[in-house]
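Q: Chains as they are written, first to last, in the numbering used here: chain U, 1 to 248; chain D, 1001 to 1248.
Yeah, the Cβ is synthetic: ideal placement off N, Cα and C, and Gly gets one too.
Encoded as structure tokens, here's the structure I'll be asking about.
There are 2 protein chains.
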Amino acid sequence: MNHADLMALAKIPLFADLPIAKLDELEEKSFVQQQPSEAVLFEQGDSARFLCVILSGRVALVGSSKAPAEDLQEEHTKDEAGCAGHDREAIIEIFGPNEVVTIAAIVLNLPYLMSARVLEAARIALIPADIIRDLLQDDASFARATTVMLAKHWRLLSRQLKDQKLRSGTQRLGTYLLTLTEGRMSGPADIALPLDRRTMASWLGMSVENLSRSLAQLKPIGVTANGRAAHINDIAQVRAFCLEDGLR
Amino acid sequence: MNHADLMALAKIPLFADLPIAKLDELEEKSFVQQQPSEAVLFEQGDSARFLCVILSGRVALVGSSKAPAEDLQEEHTKDEAGCAGHDREAIIEIFGPNEVVTIAAIVLNLPYLMSARVLEAARIALIPADIIRDLLQDDASFARATTVMLAKHWRLLSRQLKDQKLRSGTQRLGTYLLTLTEGRMSGPADIALPLDRRTMASWLGMSVENLSRSLAQLKPIGVTANGRAAHINDIAQVRAFCLEDGLR
DNA sequence: ATTCCAACTTGACGTATGTCAAGATGACCT
DNA sequence: AGGTCATCTTGACATACGTCAAGTTGGAAT
Chain U
1 MNHADLMALA KIPLFADLPI AKLDELEEKS FVQQQPSEAV LFEQGDSARF
51 LCVILSGRVA LVGSSKAPAE DLQEEHTKDE AGCAGHDREA IIEIFGPNEV
101 VTIAAIVLNL PYLMSARVLE AARIALIPAD IIRDLLQDDA SFARATTVML
151 AKHWRLLSRQ LKDQKLRSGT QRLGTYLLTL TEGRMSGPAD IALPLDRRTM
201 ASWLGMSVEN LSRSLAQLKP IGVTANGRAA HINDIAQVRA FCLEDGLR
Chain D
1001 MNHADLMALA KIPLFADLPI AKLDELEEKS FVQQQPSEAV LFEQGDSARF
1051 LCVILSGRVA LVGSSKAPAE DLQEEHTKDE AGCAGHDREA IIEIFGPNEV
1101 VTIAAIVLNL PYLMSARVLE AARIALIPAD IIRDLLQDDA SFARATTVML
1151 AKHWRLLSRQ LKDQKLRSGT QRLGTYLLTL TEGRMSGPAD IALPLDRRTM
1201 ASWLGMSVEN LSRSLAQLKP IGVTANGRAA HINDIAQVRA FCLEDGLR
């Protein structure tokens, strides 16, 4: 890993308090990959050999429901050119710059529970799992930072789980749009959607078609979307719809 | 907290490596509550003042969809005698003996994201949040144990989220029954259901009525249930139905 | 045992969502 | 420009699921 990348790493809270010696070890033993969109970083069941730190781009953790490809009929031969077929899949979490993937698998030394796919071309630092496990053992401040990070993720996931269990797809969509407005409580907003429809649908736990329909359903409360541009007339109105209880 | 309870605490991985001095501090500053079924330990939005360690019984983290009470109309006055009305609610996680609730809120020093309700009369040790935060700061081994615990919970939640996003209610029910068979892969099983229908339904993310119907749907593959007793004719058959993707 | 009540089940029906199929839109290529 | 292709949208239909209402069961109190 080159020095510029190391400096970027060192700015992430997880690594901020590391002593020089440890940083040197990171610089020596880690490396950086450039991955194009759609690349698969690892698959469900792989053993956790690296901590992935996203330097730029976006990566999703993806769980899929279909059986693995090997026991499908060979008749179709439709799998040319990576046309991955149409298994349903669910995006569990999305990671952006300065975030860390796979920490749980590395801490527990267990195989990955989910696959990781690149959503936007990404530069990713790969740090050998052993180094991370040593850090956890030797460096109290690193262990503390990891705890804080995992606690945040626990809250993210439990919030998502709650949404999934008791809100409608349309409400989840609205809530998602609200997260893209960076916390304003009222007034209009122009939103640049960072994901395409397929990805958004996986993230929200619905089909692409239903996502389109949900988008249409939000029109009456002042939400319009066109491709990757969306507009909200009055954030307060959307909040009232999404954060309230199961109407309609 | 009395000495016997402290000894029970000390057997939990989280506290196993604590030095005597810290244990003494725990004994002095913590206390134990006996809570009946249905008791509410804390509510969504409360600030996190104690770590709750379950000594016996069971506790659920519950998210509800209704807006918080303060902005409801006062007309109904239906809230007499704790008749909680019929808001839908979702159980996010269920904790049993030797498990710890609220660790994330305490680590982050943020208000609870969810309420906690007792499912089975429980003895609960309450440890002041300050002590836990001090331990995280001073005791590397405690920080490490916390990390391991949170990592496990991350995996539990992400698995649940995946189930919720891409499996049917009936499949989730089957999967739940399988977890109660303690990992056998085939053969028959008699199961004692630890939860009533309402709680099971919240846990599985469906209505009580649908739970009954899902149970009926499992009959053709050899699952029968009567009250809190269930029986599976052949575990392998249920696995085939629920785990189309082979994980778990 | 009889009564009563809460928990559970079942039925009927409407809404939400997935699926298949057919358009519409828009970007990119020649 | 025109064509080609992927993405997005819309429609039609089937299924999953929630809700209301009625019935059933089982256990506790009398």
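To the nearest angstrom, how far is the alpha carbon of T102/U from that of S1168/D?
A: Walking along the first sequence from the start, residue 102/U turns up at place 102. Walking along the second sequence from the start, residue 1168/D turns up at place 168. For T102/U and S1168/D, the distance between alpha carbons rounds to 27 Å.
Q: Please tell me whether G1205/D and A1090/D are closer than 8 Å, where the distance is taken between their beta carbons.
A: Reading the second sequence from its first residue, position 205 is the one you call residue 1205/D. Reading the second sequence from its first residue, position 90 is the one you call residue 1090/D. Result yes, Cβ atoms of G1205/D and A1090/D sit closer than 8 Å.
Q: I need the DSSP call for E1080/D, collapsed to helix, strand or coil.
A: As a first step, residue 1080/D is located in the second sequence; it is residue number 80 there, counting from the start. Low confidence applies to E1080/D: its pLDDT is 39, below 50, so where it sits in the model is not reliable, and the reading given next is rough at best. Looking at E1080/D - three-state DSSP - the assignment turns out to be helix.
Q: For T256/U, I'd like the list of residues in its chain whose CB is within less than 8 Å of its CB, leaving aside the five on either flank, ordered along the chain.
A: Coverage of chain U is limited to positions 1 through 248, which leaves residue 256/U absent and any answer about it impossible.
Q: Could you run through the region 1035-1065 of chain D and flag, in chain order, every residue whose CB is less than 7 Å away from some CB of chain U?
A: Those residues of the region 1035-1065 of chain D that come within reach of chain U (Cβ to Cβ, closer than 7 Å) are G1063 and S1065.
Q: Identify the residues that DSSP records as bridge partners of L126/U: which are they?
A: Locating residue 126/U in the first sequence gives position 126, counting from the first residue. L126/U pairs with F31/U and C52/U.
Q: Could you tell me whether any Cβ in chain U is nearer than 8 Å to the Cβ of R996/D?
A: Nothing can be reported for residue 996/D, as the shown portion of chain D is limited to 1001 through 1248.
Q: Specify the secondary structure class of T224/U as computed by DSSP and reduced to three states.
A: As a first step, residue 224/U must be located in the first sequence, where it is residue number 224. Reduced to three states, the DSSP call for T224/U is strand.
Q: Rounded to whole angstroms, what is the Cα-Cα separation between A1104/D and V1040/D?
A: Position 104 of the second sequence, counted from the start, is the residue given in the question as residue 1104/D. Position 40 of the second sequence, counted from the start, is the residue given in the question as residue 1040/D. Spanning the two alpha carbons is a distance of roughly 19 Å.
Q: For the putative contact between M1114/D and I1092/D, defined by C-beta atoms under 8 Å, what is the C-beta separation to the nearest angstrom?
A: The residue labelled residue 1114/D in the question sits at position 114 within the second sequence. The residue labelled residue 1092/D in the question sits at position 92 within the second sequence. Between I1092/D and M1114/D the Cβ distance is about 6 Å, and since that is below 8 Å, they are a contact.
Q: In chain order, what residues of the region 1145-1165 of chain D put their CB closer than 7 Å to some CB of chain U?
A: Residues passing the 7 Å Cβ filter: T1146, T1147, V1148, L1150, A1151, K1152, H1153, W1154, R1155, L1157, S1158, R1159, Q1160, L1161, K1162, Q1164 and K1165.
Q: Would you please state the rounded distance, in angstroms, between the beta carbons of R32/U and M1/U? I believe it to be under 8 Å.
A: Numbered from its first residue, the first sequence carries residue 32/U at position 32. Numbered from its first residue, the first sequence carries residue 1/U at position 1. It is worth fixing the name first, because residue 32/U is Val in this sequence and not Arg. V32/U to M1/U, Cβ: 5 Å. Contact.
Q: Less than 8 Å between the CB atoms is what I'm expecting for F1142/D and L1135/D, so what's the real figure, rounded?
A: If you number the second sequence from 1, residue 1142/D lands on position 142. If you number the second sequence from 1, residue 1135/D lands on position 135. The Cβ separation is near 5 Å, so the contact holds.
Q: Helix, strand or coil, according to DSSP, for R117/U in the structure here?
A: For this step, residue 117/U is matched to residue 117 along the first sequence. Strand at R117/U.
Q: Please classify A1229/D: is it buried, with 16 or more other beta-carbons within 10 angstroms of its beta-carbon, or exposed?
A: For this step, residue 1229/D is matched to residue 229 along the second sequence. Classification of A1229/D: exposed, given that the 10 Å Cβ count is below 16.
Q: Would you kindly check if the distance between the Cβ of P1013/D and the Cβ of G1055/D is under 8 Å?
A: Stepping through the second sequence from its first residue, residue 1055/D is reached at position 55. Stepping through the second sequence from its first residue, residue 1013/D is reached at position 13. Residue identity check: residue 1055/D is Leu in the sequence provided, not Gly. Cβ distance not < 8 Å, so L1055/D and P1013/D don't count as in contact.
Q: If you follow the beta strand (DSSP E) that L204/U is in, where does it begin and where does it stop?
A: Residue 204/U sits at position 204 when you count from the first residue of the first sequence. Unbroken run through L204/U is the alpha helix (DSSP H), R197 to L204; no beta strand (DSSP E).
Q: I need the DSSP call for R1167/D, collapsed to helix, strand or coil.
A: Looking up residue 1167/D in the second sequence gives position 167. DSSP places R1167/D in coil when its eight states are reduced to three.
Q: How many whole angstroms separate the CB atoms of L9/U and V53/U, which I take to be in contact at a CB cut-off of 8 Å?
A: Residue mapping note: residue 9/U aligns to position 9 of the first sequence, counting from 1. Residue mapping note: residue 53/U aligns to position 53 of the first sequence, counting from 1. Between V53/U and L9/U the Cβ distance is about 6 Å, and since that is below 8 Å, they are a contact.
Q: Under 8 Å by Cβ, that's how I've got Q1237/D and V1118/D pegged, so tell me the actual separation to the nearest angstrom.
A: Here residue 1237/D is taken as the residue at index 237 of the second sequence, counted from 1. Here residue 1118/D is taken as the residue at index 118 of the second sequence, counted from 1. Not quite, the Cβ-Cβ distance comes to about 36 Å (not below 8 Å), so this is no contact.
Q: Just verifying my parser: in three-state terms, what is the DSSP assignment at S64/U?
A: Within the first sequence, the letter at position 64 stands for residue 64/U. In this structure, S64/U counts as strand in the three-state DSSP scheme.
Q: Which residues does DSSP pair with I1020/D in a beta bridge?
A: Locating residue 1020/D in the second sequence gives position 20, where the first residue counts as 1. Its beta-bridge partners do not exist; DSSP assigns none.
Q: Of all the residues that make up the region 1100-1130 of chain D, which are near chain U by a beta-carbon distance shorter than 9 Å?
A: For the region 1100-1130 of chain D, which is checked against every Cβ of chain U, the residues closer than 9 Å are I1103, A1104, A1105, I1106, V1107, L1108, L1110, L1113 and M1114.
Q: Would A4/U be called buried (16 or more neighbouring beta carbons within 10 Å of its own) or exposed?
A: By one-based count along the first sequence, residue 4/U stands at place 4. A4/U is exposed by the Cβ-count criterion.
Q: If F1042/D and Y1112/D are in contact, beta carbons under 8 Å, what's the gap, nearest whole angstrom?
A: One-based indexing of the second sequence puts residue 1042/D at position 42. One-based indexing of the second sequence puts residue 1112/D at position 112. Yes, they are in contact, since the Cβ atoms of F1042/D and Y1112/D sit about 6 Å apart, within 8 Å.
Q: Assuming the contact rule is C-beta atoms closer than 8 Å, L26/U and I127/U should be a hit. Round their C-beta distance to whole Å, please.
A: Taking the first sequence and counting its residues from 1, the one referred to as residue 26/U is at position 26. Taking the first sequence and counting its residues from 1, the one referred to as residue 127/U is at position 127. Indeed, because the Cβ distance is near 6 Å, the residues count as touching under 8 Å.
Q: CB-CB under 8 Å to L156/U, same chain, minus the five flanking residues each way: which ones, in chain order?
A: Taking the first residue of the first sequence as 1, we reach residue 156/U at position 156. These residues qualify, in order along the chain: E93.
Q: Taking all protein chains shown into account, decide if I20/U is buried (16 or more other Cβ within 10 angstroms of its Cβ) or exposed.
A: In the first sequence, counting from the first residue as 1, residue 20/U sits at position 20. Exposed, since its Cβ has fewer than 16 Cβ neighbours within 10 Å.
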